[in-house]
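Working notes for the structure below.
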Amino acid sequence: MPKFGPLKLRDLIKSLRQYGFEGPYAGGKHPFMVKGDLSISIPNPHGGDIRRELLKRILKQAGISKMEWEKL
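According to this note's numbering, the residues represented by the sequence shown are 2 to 73, in order.
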């Protein structure tokens, strides 16, 4: 289960794939992942952890609640 807090980019991608997202694909300024008609931007790999605030915005785009995220 991923915690709702700082996490590595690879853990974010792995978890989003478990929710049915495909990718990441290159495009524009940031890579993105797709699930049906929904497309979400993910941060560029920069070596650091993804902070809680950014994770919250990504999950909001994906339509995933904090409770759902922590249950995965």
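C-beta atoms are modelled at their ideal positions from N, C-alpha and C, and glycine is treated no differently.
- When 72, 59, 61, 20 are compared, the shortest CA-CA separation from residue 37 is found for 20.
- The beta-bridge partner set that DSSP reports for residue 40 consists of 35.
- Membership of residue 27 in any alpha helix (DSSP H) is not indicated, and neither H nor E is assigned to it by DSSP.
- Counting along the chain, residue 16 sits inside the alpha helix (DSSP H) bounded by residues 10-19.
- The shortest C-alpha to C-alpha distance from residue 28 to any of 71, 50, 40 is the one to 40.
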